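Participant: Residue 257 in full-length UniProt numbering sits at position 257 of the sequence shown; the count goes up by one each step and never skips. Before we start, here is the structure in question, set down as C-alpha cells.
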Amino acid sequence: MGKRAASTLSSSAAAAETKIPRKIKKEIYSQDINVPISTESSTSSSAGNDDVKSVIKKVKKEIVIVEKTEAINKDIEAKVIGKTEIETTVEKFDANEKKVKTVRKTAAKVKVEKPAWTPALKAEYETIGKSVLASVGKSKKYLGAHVSASGGVENAVYNAMAIGCRSFALFLKNQRRWDSKSIEEDSIQRWHAAIKETEFDLKMIVPHGSYLLNAGSPNSELREKTKASILDEIRRCESLGIGLYNFHPGSSCGKCNVEESIEYIAEILNEVIEETNNVILLVETMSGQGNTVGGKFEELKSIIDHVKESNRHRVGVCLDTCHIFAAGYDIRTAETYEKTMKDFDEIIGFKNLKAVHVNDCKSELGSHLDRHENIGKGNLKSCWQFFMDDSRFENIPLILETPEGLYPTEMIKLYGMDRNNKESSDAAATATNGTKKKK
C-alpha cells in the first residue's frame with residue numbers, strides 16, 4: 001500500500017483540482033526588511049567586532065520550515081479544500097551593512113481531499129481481496145494483518161479491505177515519537193464512513209501501542225510519559241469506536257526486579273482504566289528478551305492479578321505465536337502444542353484471550369529473540385495445522401505481523417488448513433461419490 005500525502009502548492013497553483021506529485025516540499029517565500037540595530041546593542045553603524053558578536057548573539061533566530069511527503073499514487077486526482085498561510089519572522093545581523101535584517105518567510109500549506117477508497121485499492125480488492133475472502137469458506141477464524149494508516153486512520157480500513165482482511169491492526173499515531181498531533185475531526189468522520197461503507201466489524205480491529213512505551217520501568221518520568229501516551233491512544237480508540245488496544249508491557253531495564261516491574265505495569269493499567277471508558281487493554285505475550293516482562297505466562301497472570309478486581313474486566317491478553325515460541329513454549333507437535341495451550345488456559349485462561357498475533361518464528365525455541373518470519377518459512381512447522389484446527393481461536397482477531405508483501409498468500413494458505421473448510425470439502429466429496437454410485 002502506498003502513503004497518502006497532503007500536497008503543498010503555491011497560491012497561484014491552488015486550483016480546484018491538482019495532481020499530487022510523487023515528492024513535494026513546502027515552497028517558502030522571503031522578503032527582506034532592513035531594521036536599524038537596537039541602541040541597546042550598538043549605538044552606531046560603525047560598531048566594533050565585540051558589538052557585532054553581541055548583536056548576533058541577541059537577535060539570531062533560525063526557523064526552518066521543510067516538509068517532504070509521498071503520494072499514494074501520482075495519478076490520483078486531489079481536490080484542494082483549504083489553504084493556510086504560515087508566516088515566520090527571522091532576525092539576522094548583516095555584518096556588511098551592520099544592520100539587523102528581519103526576514104519574513106511565508107509558507108503556503110494546502111489541504112487536499114482525495115478518495116481513500118482509490119481506484120488502485122478498488123482494483124486490488126477485486127483481484128486480491130476477493131480471492132482471499134473466497135478462501136474463507138466456513139472458517140470462523142478472522143485473519144487479518146497490520147496495515148498502514150498513513151495519510152489518515154480511515155485509510156487503514158480500505159487498505160485492510162483491499163487485501164481481504166477480516167481483522168486488522170494499525171498504529172493510531174507515530175509509533176516512534178512521544179508527541180503526535182491529534183486525529184482531525186474530519187478524519188474521524190471519514191473513519192466512521194469507511195467502517196459503514198465496508199461494514200467492517202469494529203470488534204476485529206486492534207490498534208498497536210507505541211514502541212516507546214515502558215510501563216514496567218523504575219524510571220518515574222518514563223512511566224509518566226508511558227501513561228500519558230497510553231491515555232492518548234485509548235482516547236483515540238474511543239473516538240473511533242474501537243474496543244481493543246494492544247501494547248507491550250515493558251521492561252525492568254535491569255534496575256528493579258520483575259515483581260516491582262509488574263506492580264508498575266498494573267499501577268498504570270489501573271490509572272488508565274479509571275480515566276477512560278470501555279476499551280479493553282491487551283497485554284502482549286513477549287519473547288523474554290533481556291529484562292522484558294511478559295515472557296512467561298505467570299508474569300502476565302501476575303499483572304492481571306495486581307490490577308484492581310473492579311478493573312480486571314478491562315484487561316486482556318494478546319498471544320503472539322512467535323514470541324511464545326522464542327520464550328520457550330513449544331507448539332510444533334500435537335503434544336507440545338496441546339501442553340502449551342493447556343498451560344496458557346490454566347495460568348492465564350482463554351477467557352482473557354482477546355486477540356492473537358499470527359507470526360512464524362525465525363529464531364530458535366527458547367532463544368528469547370523476537371524475529372518474525374512468514375507463515376511456513378520459520379521454525380513453527382506443523383503448528384499452523386494445529387492452530388487452524390483449534391476452536392479456541394475462533395471469532396477473535398488473528399493478525400499477521402509477518403514480513404510484508406505476503407499477507408494475502410498467507411491468509412489463503414491458513415484458511416485452506418481450517419478444519420471447518422476441510423470438513424465441508426470432505427462432506428461434499430462424500431455426497432458427490434454417493435450420487436455417482438447410485439447412478
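We put the CB at the ideal spot given by N, CA and C, even for glycine. It should be emphasised that the depicted structure is a prediction, and the values quoted were computed from it without experimental measurement.
Taking the alpha carbon of glycine 151 as the point to measure from, which residue in Asn174, Lys130, Trp178, Glu238 has its own alpha carbon closest?
Facilitator: To locate residue 151, count along the sequence shown from 1; it is residue 151. Selected option, being the one with the closest Cα: Asn174.
Participant: Could you give the DSSP three-state label for glutamate 373: helix, strand or coil?
Facilitator: Translated into positions along the sequence shown, residue 373 becomes position 373. Three-state result, glutamate 373: strand.
Participant: Would you identify the three-state DSSP class for residue 443, choosing helix, strand or coil?
Facilitator: Past the boundaries of the shown model lies residue 443; the chain is included only from 1 to 439, so the question cannot be answered.
Participant: Assuming lysine 227 and valine 272 make a contact with CB atoms under 8 Å, what is their CB distance in whole Å?
Facilitator: Locating residue 227 in the sequence shown gives position 227, counting from the first residue. Locating residue 272 in the sequence shown gives position 272, counting from the first residue. Rounded, the Cβ-Cβ distance is 6 Å, consistent with contact.
Participant: Is it the case that the Cβ atoms of glutamate 401 and asparagine 379 are separated by a distance below 8 Å?
Facilitator: Your numbering for residue 401 matches position 401 in the sequence shown. Your numbering for residue 379 matches position 379 in the sequence shown. Taking 8 Å as the Cβ cut-off, glutamate 401 and asparagine 379 do not qualify as a contacting pair.
Participant: Using the three-state DSSP reduction, which class does histidine 248 fall into: helix, strand or coil?
Facilitator: By 1-based counting over the sequence shown, the position of residue 248 is 248. The answer is coil: DSSP assigns histidine 248 none of H, G, I, E or B.
Participant: In whole angstroms, what is the alpha-carbon distance linking asparagine 270 and valine 307?
Facilitator: Position 270 of the sequence shown, counted from the start, is the residue given in the question as residue 270. Position 307 of the sequence shown, counted from the start, is the residue given in the question as residue 307. Rounded to the nearest angstrom, the two C-alpha atoms are 6 Å apart.
Participant: Have a look at the DSSP bridge pairing and note the partners of alanine 123.
Facilitator: Within the sequence shown, numbered from 1, the residue matching residue 123 stands at position 123. Answer by DSSP bridge pairing: none, since alanine 123 is not bridged.
Participant: So, using beta-carbon positions, are residue 446 and phenylalanine 393 closer together than 8 Å?
Facilitator: Limits of the chain in this structure are 1 at one end and 439 at the other, which puts residue 446 out of reach.
Participant: What are the start and end residues of the alpha helix (DSSP H) that includes aspartate 186?
Facilitator: Residue mapping note: residue 186 aligns to position 186 of the sequence shown, counting from 1. That run of the alpha helix (DSSP H) goes 185-198.
Participant: What are the uninterrupted segments assigned as beta strand (DSSP E) that are 3 or more residues long and contained completely in the region 303-373, given in chain order?
Facilitator: DSSP runs (the beta strand (DSSP E)) wholly in the region 303-373: 315-320, 353-358.
Participant: Could you check what DSSP says for valine 100 in three-state terms: helix, strand or coil?
Facilitator: Translated into the one-based positions of the sequence shown, residue 100 becomes position 100. Looking at valine 100 - three-state DSSP - the assignment turns out to be strand.
Participant: Relative to the C-alpha of histidine 208, which candidate in Ile195, Phe171, Asn359 has its C-alpha closest?
Facilitator: As a working mapping, residue 208 is identified with position 208 in the sequence shown. Of the listed residues, the one whose Cα sits closest to histidine 208 is Phe171.
Participant: What does the alpha-carbon distance come out to for the pair proline 397 and alanine 123?
Facilitator: By 1-based counting over the sequence shown, the position of residue 397 is 397. By 1-based counting over the sequence shown, the position of residue 123 is 123. The straight-line gap from Cα to Cα measures roughly 25 Å.
Participant: Quick one, are the C-beta atoms of alanine 249 and glycine 216 less than 8 Å apart?
Facilitator: Position 249 of the sequence shown holds residue 249. Position 216 of the sequence shown holds residue 216. Just to set this straight, residue 249 is proline in the shown sequence, not alanine. Cβ atoms of proline 249 and glycine 216: closer than 8 Å.
Participant: Tell me, please, which residues DSSP counts as bridged to valine 283.
Facilitator: For the purposes of this step, residue 283 is identified with residue 283 of the sequence shown, where counting begins at 1. In the DSSP output, where bridge partners are listed per residue, valine 283 has Phe247, Val317.
Participant: Please classify glycine 405 as buried or exposed, where buried requires at least 16 other C-beta atoms within 10 Å of its C-beta.
Facilitator: Taking the sequence shown and counting its residues from 1, one reaches residue 405 at position 405. Looking at its Cβ environment, which holds fewer than 16 other Cβ atoms inside 10 Å, glycine 405 is exposed.
Participant: Would a C-beta distance cut-off of 8 Å place glutamate 410 and asparagine 374 closer than the cut-off?
Facilitator: Taking the sequence shown and counting its residues from 1, the one referred to as residue 410 is at position 410. Taking the sequence shown and counting its residues from 1, the one referred to as residue 374 is at position 374. Contact flag set, yes.
Participant: What does the alpha-carbon distance come out to for the pair lysine 138 and proline 408?
Facilitator: One-based indexing of the sequence shown puts residue 138 at position 138. One-based indexing of the sequence shown puts residue 408 at position 408. Each residue's alpha carbon lies about 18 Å from the other.
Participant: In the structure shown, what three-state DSSP assignment does tyrosine 142 receive?
Facilitator: Taking the first residue of the sequence shown as 1, we reach residue 142 at position 142. DSSP places tyrosine 142 in strand when its eight states are reduced to three.
Participant: Per the contact definition of three or more C-beta pairs closer than 8 Å, is the region 125-141 in contact with the region 181-201?
Facilitator: Flag = no, the region 181-201 and the region 125-141 do not touch.
Participant: Helix, strand or coil, according to DSSP, for leucine 300 in the structure here?
Facilitator: Residue mapping note: residue 300 aligns to position 300 of the sequence shown, counting from 1. In the structure shown, leucine 300 sits in a helix (DSSP, three-state: H, G or I).
Participant: Using a 10 Å radius around the Cβ and a threshold of 16 neighbouring Cβ atoms, would you call aspartate 201 buried or exposed?
Facilitator: The residue labelled residue 201 in the question sits at position 201 within the sequence shown. The residue is exposed, with fewer than 16 neighbouring Cβ atoms inside 10 Å.
Participant: When the distance is taken between beta carbons, is leucine 143 closer than 8 Å to tyrosine 415?
Facilitator: Taking the sequence shown and counting its residues from 1, the one referred to as residue 415 is at position 415. Taking the sequence shown and counting its residues from 1, the one referred to as residue 143 is at position 143. Going by C-beta atoms, tyrosine 415 is nearer than 8 Å to leucine 143.
Participant: Which runs of the beta strand (DSSP E) fall wholly inside the region 382-408 and span at least 3 residues, in chain order?
Facilitator: Listed in chain order, the complete beta strand (DSSP E) runs (minimum 3 residues) inside the region 382-408 are 397-400.
Participant: Where does asparagine 352 land, buried or exposed, given buried means 16+ other C-beta within 10 angstroms?
Facilitator: Locating residue 352 in the sequence shown gives position 352, where the first residue counts as 1. The residue in question, asparagine 352, is buried, as its Cβ has 16 or more Cβ neighbours within 10 Å.
Participant: If I follow the unbroken beta strand (DSSP E) through alanine 266, where does it start and stop?
Facilitator: Residue 266 sits at position 266 when you count from the first residue of the sequence shown. Looking at the DSSP string, alanine 266 is not in any beta strand (DSSP E); the run it does join, the alpha helix (DSSP H), is 258-275.
Participant: For residue 440 versus valine 317, is the C-beta spacing smaller than 8 Å?
Facilitator: The requested residue 440 is not part of the displayed model; the chain covers only 1 to 439.
Participant: Given arginine 419, which residues of its chain have a CB within under 6 Å of its CB, disregarding the five upstream and five downstream residues?
Facilitator: Numbered from 1 along the sequence shown, position 419 holds the residue referred to as residue 419. Counting only Cβ-Cβ distances below 6 Å, and skipping sequence neighbours, we find Asp389.
Participant: When DSSP labels each residue in this structure, what does alanine 156 get in the three-state scheme?
Facilitator: Stepping through the sequence shown from its first residue, residue 156 is reached at position 156. Reduced to three states, the DSSP call for alanine 156 is helix.
Participant: Would you tell me roughly how many angstroms separate the C-alpha atoms of glutamate 354 and aspartate 186, rounded to the nearest one?
Facilitator: Here the question's residue 354 lines up with position 354 in the sequence shown. Here the question's residue 186 lines up with position 186 in the sequence shown. It should be pointed out that residue 354 corresponds to lysine in this sequence rather than to glutamate. C-alpha separation (whole angstroms): 30 Å.
Participant: Let me make sure I understand the geometry here. Which of Lys203, Pro218, Asp370 has the alpha-carbon closest to that of glutamate 267?
Facilitator: Position 267 of the sequence shown, counting from 1, holds the residue named residue 267. Minimum Cα distance to glutamate 267 is reached at Pro218.
Participant: Can you tell which of Thr292, Val153, Arg177 has the C-alpha that lies nearest to the C-alpha of glutamate 184?
Facilitator: In the sequence shown, counting from the first residue as 1, residue 184 sits at position 184. When only C-alpha atoms are compared, the closest one is Val153.
Participant: Need the endpoints of the beta strand (DSSP E) that alanine 116 sits in, please.
Facilitator: Your numbering for residue 116 matches position 116 in the sequence shown. Run containing alanine 116: none; DSSP gives neither H nor E here.
Participant: Pull up the distance between the alpha-carbon of glutamate 221 and that of leucine 213, whole angstroms please.
Facilitator: Indexing the sequence shown from 1 puts residue 221 at position 221. Indexing the sequence shown from 1 puts residue 213 at position 213. C-alpha separation (whole angstroms): 12 Å.
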